[in-house]
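Inspection log for the structure reproduced underneath, given as structure tokens.
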Amino acid sequence: MTHILYLAAGFILLTVAAGLVRVLYGPGEVDRMMAVQLLGTGGIAALLLAASASGVAGVEDAALGLALLAAFASIAFVNSASSDSDPDGARDG
Amino acid sequence: MTFYRALDLSLALLVVGIAAWTVLSRDLFGAVVGYVAYGLLLAIVWVRLLAPDVALTEAAIGGGATGVLIIAAGSRLRSMQTSEPGDTANGIQKALAAALSALVAIALAAVMLLLPEPAPTLAPQAAGGLEAAGLGNPVTATLMVYRGFDTMLEKAVLVLAVVGVWSIGPDRFWGGAPAPLGRTRPKRALVFLAQMIAPLGVLIGLHIFWVSADEPGGAFQGGAILAAMWIIVMIARLADPPRVGSRALRLALVSGPAVFVIVALLGPFLGGSFLSYPPGFVKPVILFVEAFMLLSIAAAIPLLIAGPPLRSPRP
Amino acid sequence: MSVSSIAGIAGAMLVGLGLYGFIVSPQLLRKVLAFSVLGSGVFLLFGVVARRGAGAGFHADPVPQALVITGIVVAFAASAIAVALILRLYAETGGVTLDPDAWSKDRGQSQE
Amino acid sequence: MTLALDIFSLLAIAAGAFFFLAGTVALLRFPDSLSRLHALTKADNLGLGLVVLGLLPRADGPLAAMKLVILWGLVQLSSGAVAQMIGAALRRREAAR
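Chains as they are written, first to last, in my numbering: chain E, 16 to 108; chain Y, 739 to 1053; chain S, 640 to 751; chain A, 24 to 120.
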């Protein structure tokens, strides 16, 4: 069971990290933020799985902190990116 | 075991790759997004190195607060969207910089691979503090007992940094409030989120502080989470940064190092030495000191992000 | 390859990357970011030393870990001062770069 | 009983991992930002939700289980609000064009 949990943690982490390719290509700022948002959630899931597998105390608390702070970064991004002038030439649609 | 090696290797490659993106990315916004992702991944690396205390600190301060600091500065400069100035360094200079950096990296990597066997460790000395204090978390014991002096000075550094940031502002605004962090009309979803998440976050921050005697956590991590909640509240414009002249604010700011110094000075009178805790009351006294440190950190980090005063002290 | 060697090499590479960005990047905020990357690389090396120093019944040596925790906070405080200085420079001169051409060009306009 | 619980955990975690995979593929392949946002929220909600669900039987004690559920609720709250803000930003940009 331990191996499977670690495997799942690694799989989820590497999967969402692949999504970071969006940070490279964009095109808009929001697309980049979405990739980081997904990485945050995936990282939390991976930490929870690793916590359950390893039994090291306090890893859940680290995940809890990560959950709060991932939101924190996203909020700051949205706040700055959607500022009144919005001339980033996104080419989506 | 090869399975775990593969996981570790891919995690390391990821971290180095996203760091390279952060450093080499063409625009500032992309770099900051990369940096926040880097902070998240680094927190996972710290868990892998069996340091959940550091993971929490890195996620909160290294990734979160530093990211927000740069984002806030970038939007104040309005340079998030403007194009970067062209590279000043020419090809030869870049090659020299790359060679120097590569040399440093290779030397460090060689040192890391040639570390002495068996590894020197201070764990037994730190464990002594652990038993004397009746604490279960070795990192807290190290911070408060074995290396208490470092922690005390570090708190003073934080206060000095706030004073430094404040004094960078123009003279005529001294005593006034820093510029607001959010926009004039914040979105309703943001206000809702701030109202919901801030009380929960305060609870979690206090929890992480409270369990730190025995489990990972501590005044740094709890304080950083409290600080993040205050910043969210300020971004949602539910509260604006306070005037830097406010007495309550200044008291909160210095309370951490002040209480630590007072307790340290009381040591000799209670039968110990400087920075020793009264025997029999070690754990409660440490928690008492840490509670004020929590307050100090929760006040200092948002003030560092809010920046120097930019509003007239008299309304 | 143990966890320690992998993390050690990664930390060394982070230091190198951060140093390169710190030297080459013309924009001051980018320099702050690069310096943070450099710092976190150094912290990672401390983490490796801590991990190797496991003993006395602990997973890792708590002393380097505690040093890293204080270090992260101090590094953040230093970045905050750097950012405040950059913002003041911008307010005074209208420029945020060390590029001499861009700086003299910017200084003429936009004295907000 | 433990076997049944283990199988339940495995199924839920596998389903959660699938949603993360789906979210990432969508983020990389979908043609426009709004559909990417749509897919992202699914990964956020269901992916983490199913992983948490799978880990619940393995939590030591009701308090630890509650912590997991609170964590999921927290992510729900923030990802919902952030998605709303991202959507609003996208719409304003469309309108500006």
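Glycine included, each C-beta is placed from N, C-alpha and C at the ideal position.
A check of alpha carbon separations from V754(Y) across L928(Y), L807(Y), G802(Y) and A843(Y) identifies A843(Y) as the nearest.
In this structure, DSSP gives P1040(Y) a helical state, which the three-state scheme calls helix. Distance from the CA of S95(E) to the CA of A111(A), rounded to the nearest whole angstrom, comes to 14 Å. Contact residues of the region 71-88 of chain E toward chain Y are V71, A72, G73, V74, D76, A77, L79, G80, L81, L83, L84, A85, A86, F87 and A88 (C-beta to C-beta distance below 8 Å). By the neighbour-count criterion, in which a residue is buried when 16 or more other Cβ atoms sit within 10 angstroms of its Cβ, Y40(E) is exposed. For S67(E), the residues of chain A that pass the 7 Å Cβ criterion are L78 and R81, in the order they occur in the chain. Think of a sphere of 9 Å around the beta carbon of F998(Y): no beta carbon from chain S falls inside it, the nearest being about 13 Å out. Within chain S, no residue has its CB atom less than 7 Å from the CB of M1031(Y), the nearest being about 11 Å off.
Look at the region 100-120 of chain A: the residues with a C-beta under 7 Å from a C-beta of chain Y are L100, S101, A104, Q107, M108 and A111. Among the CB atoms of chain A, one or more fall inside 8 Å of the CB of F930(Y). Closest option to Y776(Y), judged by alpha-carbon separation, among L79(E), L35(E) and A82(E): L35(E). Between L1042(Y) and A716(S) a beta carbon distance of about 6 Å is seen, short of the 8 Å cut, so the two are scored as contacting. R923(Y) and A33(E) have their C-alpha atoms spaced approximately 36 Å apart. For W948(Y), the enclosing alpha helix (DSSP H) stretches over residues R926 to W948. Residue pairing of P916(Y) in beta bridges, as defined by DSSP: P1047(Y). Q863(Y) has no beta-bridge partner at all, per DSSP.
With contact defined as three or more Cβ pairs closer than 8 Å, the region 805-817 of chain Y and the region 835-849 of chain Y are not in contact. DSSP, reduced to helix, strand and coil, places S984(Y) outside both helices and strands of the structure shown, so it counts as coil. For T64(A), the enclosing alpha helix (DSSP H) stretches over residues S56 to K65. With respect to the C-alpha of R1049(Y), the residue from P980(Y), A1038(Y) and A996(Y) having the closest C-alpha is P980(Y).
Within the model, the alpha-carbon separation for L728(S) versus G907(Y) is close to 11 Å. Rounded to whole angstroms, the gap between the alpha carbons of P1017(Y) and G886(Y) is 16 Å.
Going by C-alpha positions, F674(S) is about 22 Å away from V688(S).
No Cβ-Cβ contact shorter than 8 Å links L787(Y) with A651(S).
Comparing alpha-carbon positions, the option among L26(A), A37(A), L57(A) and A66(A) lying closest to A45(A) turns out to be A66(A).
L83(E) and L97(A) have their C-alpha atoms some 7 Å from each other. Contacts between E892(Y) and chain S, judged by CB atoms closer than 8 Å, involve T709, V712 and V713 in chain order. Relative to P862(Y), the option among L658(S), F697(S) and F661(S) whose CA is nearest is F697(S). If the five residues before and after S993(Y) are omitted, its C-beta is found closer than 7 Å to the C-beta atoms of F1030, L1033 and S1034, all from its own chain and listed in chain order. Under the Cβ criterion of 8 Å, G25(E) is not counted among the residues facing chain A. Proximity of S813(Y) to chain S, defined by a Cβ-Cβ separation below 8 Å, is not satisfied.
Neighbours of R47(E) in chain A, taken as residues whose beta carbon is under 7 Å from its own, are absent, since the nearest beta carbon is some 11 Å off.
The beta carbon of F31(A) sits no closer than 8 Å to any beta carbon of chain E.
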